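Student:
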Amino acid sequence: MQKKIRVLIAKPGLDGHDRGALVIAQGLRDEGMEVIYSGLRQTPEQIVAAAIQEDVDCIGLSILSGAHNELFPEVTRLLKENHAEDILVIGGGVIPDDDIPFLQKHGIKAIFTPGTSISEIAQFIKGVSLEDKGTVSNSSVKKIDHLGIAVHHLDEAIPFFQDVLGLKLLGKEEVVTEGVKVAFFEVGETKLELLEPLNKESPIYKHLEKRGEGFHHIAFEVDNLIQQFDWMKENGFPLLQDKPKDGAHGKKVGFIHPKSTHKVLVEFCEIPIKE
Ligand code: CO
Numbered sequence: 017m018q019k020k021i022r023v024l025i026a027k028p029g030l031d032g033h034d035r036g037a038l039v040i041a042q043g044l045r046d047e048g049m050e051v052i053y054s055g056l057r058q059t060p061e062q063i064v065a066a067a068i069q070e071d072v073d074c075i076g077l078s079i080l081s082g083a084h085n086e087l088f089p090e091v092t093r094l095l096k097e098n099h100a101e102d103i104l105v106i107g108g109g110v111i112p113d114d115d116i117p118f119l120q121k122h123g124i125k126a127i128f129t130p131g132t133s134i135s136e137i138a139q140f141i142k143g144v145s146l147e148d149k150g151t152v153s154n155s156s157v158k159k160i161d162h163l164g165i166a167v168h169h170l171d172e173a174i175p176f177f178q179d180v181l182g183l184k185l186l187g188k189e190e191v192v193t194e195g196v197k198v199a200f201f202e203v204g205e206t207k208l209e210l211l212e213p214l215n216k217e218s219p220i221y222k223h224l225e226k227r228g229e230g231f232h233h234i235a236f237e238v239d240n241l242i243q244q245f246d247w248m249k250e251n252g253f254p255l256l257q258d259k260p261k262d263g264a265h266g267k268k269v270g271f272i273h274p275k276s277t278h279k280v281l282v283e284f285c286e287i288p289i290k291e
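Per my numbering, the sequence shown runs over residues 17 to 291.
Structural data, given as structure tokens:
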């Protein structure tokens, strides 16, 4: 299984403020990474030594003193000297836009200026580290099982799909754990799921309040839901629940938070083997 992404947050140079660095360190931990913090006033030698010793995937350099043009390239130079240039180096702090091309030329893969959200930084690190390491995905997605559509009333929505589009209605069902009543239609290998809220606590009720009717989630069938969950967790994708739960048709289902999936609510489901 893929290990967690390890990050060293390091403060090179002389400035004595690390509130920002500590906020980033905690934020990346919340995103599922293992984060080591170097402490203040580290030399590039100390930073590179710590990165190699701790076997990190990424070094995040944070600087306020203005010495980034000297210290950042020194870090990448030392990494190369120690044959550790596969470690991703990113930087942040008070860095004028004009200096960014220079730093990128010296191997700093990204500069995050104040105001960048932590989730943006986390997405960047995850993207590069999966790509660079040629990670073999442990995801077991087989196909799209269904697309979920939120509606106010099933009975008002069903005729369009059944009579106008001519889709086969597979059945209606209440999923009490989710606070919904659902109707499934067959569309070739895939299905459509219409979801009507059963009560005001239902996530579908909240969705309708906020955005009205329409597309709600995409559900992927996976071979092994527990393994899929572990894989998503290891890569820092926040799950909407700790364990799979019961969905429609006795399927086990689980959702990933849309903030890390390009705003698409992703459901994974495992079809139980029929006895
Ligand atoms: Co669904």
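Backbone N, C-alpha and C define an ideal beta-carbon position, used for all residues, glycine too.
As the structure is a prediction and not an experimental result, all values here were calculated from the model.
Tell me, please, whether the region 232-239 touches the region 156-168 by the rule of three or more beta-carbon pairs shorter than 8 Å.
Tutor: In short, these stretches touch, since the Cβ pair count reaches three.
Student: What does the alpha-carbon distance come out to for the pair Lys20 and His162?
Tutor: Taking the straight line from one Cα to the other gives about 31 Å.
Student: Which residues neighbour ligand 1 when neighbourhood means a C-beta less than 5 Å away from any of its non-hydrogen atoms? List them by chain order.
Tutor: Ordered along the chain, the selected set is Gly164, Glu209, Ala235, Glu283.
Student: Using the three-state DSSP reduction, which class does Leu185 fall into: helix, strand or coil?
Tutor: The answer is strand: DSSP assigns Leu185 an E or B state.
Student: Output the distance between the C-alpha atoms of Lys188 and Val198, rounded to the nearest integer angstrom.
Tutor: The straight-line gap from Cα to Cα measures roughly 6 Å.
Student: Apply the 10 Å Cβ neighbour rule to Pro54 and answer buried if 16 or more other Cβ atoms are within range, or exposed otherwise.
Tutor: The identity of residue 54 in the sequence shown is Ser, whereas the question assumes Pro. Buried, since its Cβ has 16 or more Cβ neighbours within 10 Å.
Student: So, under 8 Å CB-CB, Glu209 and Lys158 are touching, yes? Tell me the CB distance rounded to an integer number of Å.
Tutor: With a Cβ gap of about 17 Å, Glu209 and Lys158 do not count as contacting.
Student: Determine the extent of the beta strand (DSSP E) in which Asp31 is found, giving its start and end residues.
Tutor: Asp31 -> no beta strand (DSSP E), and no H or E assigned at all.
Student: Would you list the residues sitting across from Arg22 in a DSSP beta bridge?
Tutor: Answer is Glu50, bridged to Arg22.
Student: Can you list, in chain order, the residues of its chain with a C-beta nearer than 7 Å to that of Leu80? Leave out the 5 residues immediately preceding and following it.
Tutor: Hits under 7 Å: Asp31, His33, Gly109, Val110.
Student: Where Glu50 and Gln178 are concerned, what is the direct C-alpha to C-alpha distance, given to the nearest angstrom?
Tutor: So the alpha carbons of these two residues sit roughly 50 Å apart.
Student: Below 8 Å on the Cβ atoms is my guess for Gly76 versus Ile40; work out the distance and round it to an integer in Å.
Tutor: With a Cβ gap of about 6 Å, Gly76 and Ile40 count as contacting.
Student: Can you tell me which of Leu241, Phe200, Lys125 puts its alpha carbon nearest to the alpha carbon of Glu283?
Tutor: Taking only the C-alpha atoms, the option nearest Glu283 is Leu241.
Student: So what's Ser276 in DSSP terms, helix, strand or just coil?
Tutor: DSSP places Ser276 in helix when its eight states are reduced to three.
Student: By Cβ distance, which residues of its chain are closer than 8 Å to Glu291, with the 5 residues on each side in sequence left out?
Tutor: Confidence at Glu291 is low in this model, with a pLDDT of 49, below 50, so the placement of that residue should be treated as unreliable; the coordinate-derived value is given next. Closer than 8 Å at Cβ, skipping near neighbours: no residue.
Student: Run through DSSP, which three-state label would Val191 get?
Tutor: Here Val191 sits in strand by DSSP.
Student: Let me confirm a value: Leu104 is counted as buried when at least 16 other C-beta atoms fall within 10 Å, else exposed. Which label applies?
Tutor: With 16 or more Cβ atoms within 10 Å of its Cβ, Leu104 is classed as buried.
Student: Measuring straight from C-alpha to C-alpha, what distance separates Lys279 and Ser153?
Tutor: For Lys279 and Ser153, the distance between alpha carbons rounds to 21 Å.
Student: How is Gly82 classed by DSSP in three states: helix, strand or coil?
Tutor: It is coil, neither helix nor strand.
Student: Could you tell me which residues DSSP puts in a beta bridge with Phe200?
Tutor: Phe200 is bridged to Gly187, Glu209.
Student: Once you ignore the five residues that flank Asp71 on each side, which residues in its own chain have a CB closer than 7 Å to its CB?
Tutor: Contacts found: Arg22.
Student: For a test of the three-state rule: what should DSSP assign to Lys216, helix, strand or coil?
Tutor: Here Lys216 sits in coil by DSSP.
Student: Just how far apart, CA to CA, sit Ala216 and Thr193?
Tutor: Before going further, note that residue 216 is Lys rather than Ala in the sequence given. Spanning the two alpha carbons is a distance of roughly 13 Å.
Student: So for Ile68, helix, strand or coil by DSSP?
Tutor: Helix at Ile68.
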